[in-house]
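Q: For what it's worth, the working numbering labels the leading residue of the sequence shown as 91, then goes sequentially.
Next up is a structure, given as structure tokens.
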Amino acid sequence: MNHPELNVSGMIFDLDGTLIDSMPAWQNIGSAFLKKHDINPPDDLNVIIKTMSFAESARYFIEVYGVKMTEEQVGDQINDMIRENYAKHISLKPFVKESLDQFLKQGIKMAILTATHKSLTELVLDRYGLLDHFEFILTSGMAGLPKSQPEIYYLAIEKLELPAQQIAIFEDALYCIQAARKTGCQLVGVFDESSKEDWEAIKNSSNCTIISFKELLG
């Protein structure tokens, strides 16, 4: 099903794979982290940690691989490894800036809900002049909740101070869409290369889907 006119007063956006083309940068970060600690990562590490929050994957590295660090230290080190990408290299997906500018002009309240650290989120949004477009940034780390749980979406809705029916949630990952479904918000599935195997399921789980933000430009 393609998108109807999105008649909403609020929008909650995922960041990675939805607004920015960052999934390749994250693709092997877990393996790179383990190698840095002289640990040989398993071939399916990406699959194992795909739906984990930062805290959960840090805990996993500590408990399963015996990394001698605290969860916070693991998170900080991974953020440091990827920071330069956010500061300099990662780009917005096509027509995202134009769409967000348009939504802002229309008076739509917008927010970011992401598993990525707040400082990285701010870095990339600020670089494109988009930081002021959003009412708030809520991260898994700040909420203490992974995006595989509906609770984090309820929290974002509460912060946006609008009824769920008046909010559209934009996500590229199937497990996030499935978690967000329970909220009663409109769900917009956004195509990303990293989750193309799930695209049919994403279409079936969303109210509408877009391949490009160009489809939302009036």
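The beta-carbon is built from N, C-alpha and C at its ideal position, and this holds for glycine as well.
May I have the straight-line CA-CA distance separating I247 from L182, to the nearest angstrom?
A: 24 Å
Q: D170 to A177, Cα distance in whole Å?
A: 11 Å
Q: Tell me, please, which residues DSSP counts as bridged to Q192.
A: Q192 pairs with nothing; no bridge assigned.
Q: Quick one: using the 10 Å Cβ neighbour count with 16 as the cut-off for buried, is I102 buried or exposed?
A: buried
Q: Could you pull out every residue in the same chain whose Cβ sits closer than 7 Å to the Cβ of I267, ignoring the five residues on either side in sequence?
A: E261, L277, G279, I292, S295 and S296
Q: Does the Cβ of D111 have 16 or more other Cβ atoms within 10 Å, making it buried, or fewer, making it exposed?
A: buried
Q: In its own chain, which residues sit with a C-beta less than 8 Å from the C-beta of E210, not counting the 5 before and 5 after it?
A: Before going further, note that residue 210 is Leu rather than Glu in the sequence given. So the list reads N169, I172, R173 and Y176, once near-sequence residues are dropped.
Q: Report yes if the C-beta distance between F144 and G231 is below 8 Å; otherwise report no.
A: yes
Q: Nearest-angstrom Cα distance between D133 and Y218?
A: 35 Å
Q: With a CB to CB cut of under 6 Å and the five nearest residues on each side skipped, what residues in its chain are close to F281?
A: I301
Q: Nearest by alpha-carbon distance to Q256: which of Q239, C275, L245 and S147 is it?
A: C275
Q: To which residues of the same chain is I139 closer than 7 Å at the C-beta, ignoring the five residues directly before and after it?
A: G120, S147 and Y150
Q: Report yes if the C-beta distance between T229 and K208 is below 8 Å; otherwise report no.
A: yes
Q: Using a 10 Å radius around the Cβ and a threshold of 16 neighbouring Cβ atoms, would you call G100 buried or exposed?
A: buried
Q: Would you report the Cα separation of E188 and E162, rounded to the nearest angstrom?
A: 36 Å
Q: Within 10 angstroms of its Cβ, does K195 collect 16 or more other Cβ (buried), or is it exposed?
A: Of the other Cβ atoms in all chains shown, fewer than 16 fall within 10 Å of the Cβ of K195; this residue is therefore exposed.
Q: What's the call for K125, buried or exposed, on a 16-neighbour Cβ count within 10 Å?
A: exposed
Q: What number of angstroms, rounded off, separates the C-alpha of T108 from the C-alpha of K249?
A: 21 Å
Q: Just to confirm my understanding: we take A201, look at its own chain, exclude 5 residues before and 5 after, and list those with CB closer than 8 Å. What are they?
A: Same-chain partners within the cutoff: G100, M101, I102, F103, F224, E225, F226, I227, L228, A246, K249 and L250.
Q: Classify L215 as buried or exposed, calling it buried when 16 or more other Cβ atoms lie within 10 Å of its own Cβ.
A: buried
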